[in-house]
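Visitor: So the number in the numbering used here is just where the residue sits in the sequence shown, counting from 1, plus 4.
All C-beta atoms, glycine included, are put in the ideal place defined by N, C-alpha and C.
Starting off with a structure, shown below.
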Amino acid sequence: MTSGPETSSTSATKKMSQIILLYSTTDGHTREICKFLQQVIEQSGHRVTLACIDDDPAVELNDFEKIVIGASIRYGKHSKKAVNFIKTYTPLLEQKPNAFFSVNVVARKAEKSQPETNPYLQKLLSQIEWKPRELAVFAGKIDYPKYSFWDRNMIRFIMWMTKGPTDPNSSIEFTDWEQVKKFAQLISKM
Ligand SMILES: Cc1cc2nc3c(=O)[nH]c(=O)nc-3n(C[C@H](O)[C@H](O)[C@H](O)COP(=O)(O)O)c2cc1C
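In structure tokens, the structure reads:
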């Protein structure tokens, strides 16, 4: 005889997946997004492992049932390591449920905030063969005090040109965490 609670716990166990979130970051914001994704995904009963592509992680991708990659933009590009990683593992990525997200500040603008309208994500997709099953673009963070003199003033100039904040003492997070949460829920279900 099967009781109700037993049945539901068995089906919950069956649905649990091992998920890897691989990220490439310069100032740590993409890692913060991954930590948040991890928190939300684990609340739905999955196990999440984080690994930084920039550190050449020794991970066995075959140990995971779902693979997610996230990378930030710096001076118009995703990191070489992230792009090379994607190119190297494309056949394996396509064998499993998979997703990609890009982090940049252009995405703070509504008209560039979707995967279809974000120029960096579109450029990346045109350079790789991988067609991620799920895509997202998240607006990043500007942390002027943390940057070198050169970077701070370059970003201030770009921000001035695009009507963004330019106060060199400011730190502004553009990320919409509700949007990140929705992406986490999508990953849990894919
Ligand atoms: C030196 C530098 C260059 C950047 N270049 C761009 C850029 O070309 N386009 C853009 O949309 N965002 C740009 N950004 C914003 C970053 O994408 C944003 O700060 C993001 O949150 C960084 O994520 P990370 O900390 O994970 O590297 C730049 C930021 C810095 C510090």
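1) Going by beta-carbon coordinates alone, are residue 105 and residue 74 separated by less than 8 Å?
2) From the DSSP output, which residues share a beta bridge with residue 56?
3) Hey, could you find the ends of the beta strand (DSSP E) residue 141 is sitting in?
4) Check each residue's C-beta against every heavy atom of ligand 1 and list, in chain order, those closer than 6 Å.
5) Taking the DSSP output, what are the residues bridged to residue 74?
6) Pair every Cβ in the stretch 99 to 116 with every Cβ in the stretch 132 to 147, then say whether three or more of these pairs are closer than 8 Å.
7) For residue 122, tell me which candidate among 61, 26, 161 and 77 has the shortest Cα-Cα distance.
8) First and last residue of the alpha helix (DSSP H) that includes residue 4?
9) DSSP state of residue 6, grouped into three classes?
10) Using the C-alpha atoms, what's the distance from residue 160 back to residue 166?
11) Can you tell me whether residue 173 is buried or exposed, with buried defined as 16 or more other CB within 10 angstroms of its CB?
12) Below 8 Å on the Cβ atoms is my contact criterion, and I expect residue 58 with residue 28 to pass it. Report the Cβ-Cβ distance as a whole number of Å.
13) Taking residue 36 as part of the alpha helix (DSSP H), name the residues at either end of that continuous run.
14) Can you give me the C-alpha to C-alpha distance between residue 55 and residue 131, rounded to a whole angstrom?
15) Beta-carbon within less than 7 Å of residue 151's beta-carbon, same chain only, minus the 5 sequence neighbours each way: which residues are those?
Guide: From the atom records:
1) Closer than 8 Å, so yes.
2) 27
3) Looking at the DSSP string, the run of the beta strand (DSSP E) that includes residue 141 is 138 to 143.
4) 29, 30, 31, 32, 33, 34, 76, 77, 78, 79, 80, 107, 108, 109, 110, 144, 145, 146, 151, 155 and 159
5) 27 and 105, per the DSSP bridge assignment.
6) Because the criterion of three Cβ pairs below 8 Å is met, the stretch 99 to 116 and the stretch 132 to 147 touch.
7) 77
8) Residue numbering for the chain in the displayed model covers 5 to 194; residue 4 lies beyond these limits and cannot be assessed.
9) Confidence at residue 6 is low in this model, with a pLDDT of 38, below 50, so its placement is unreliable and the value that follows should be read with caution. Three-state DSSP puts residue 6 in coil, outside helix and strand.
10) 10 Å
11) exposed
12) Indeed they touch by this definition, with Cβ atoms about 5 Å apart.
13) 33 to 47
14) 23 Å
15) 159
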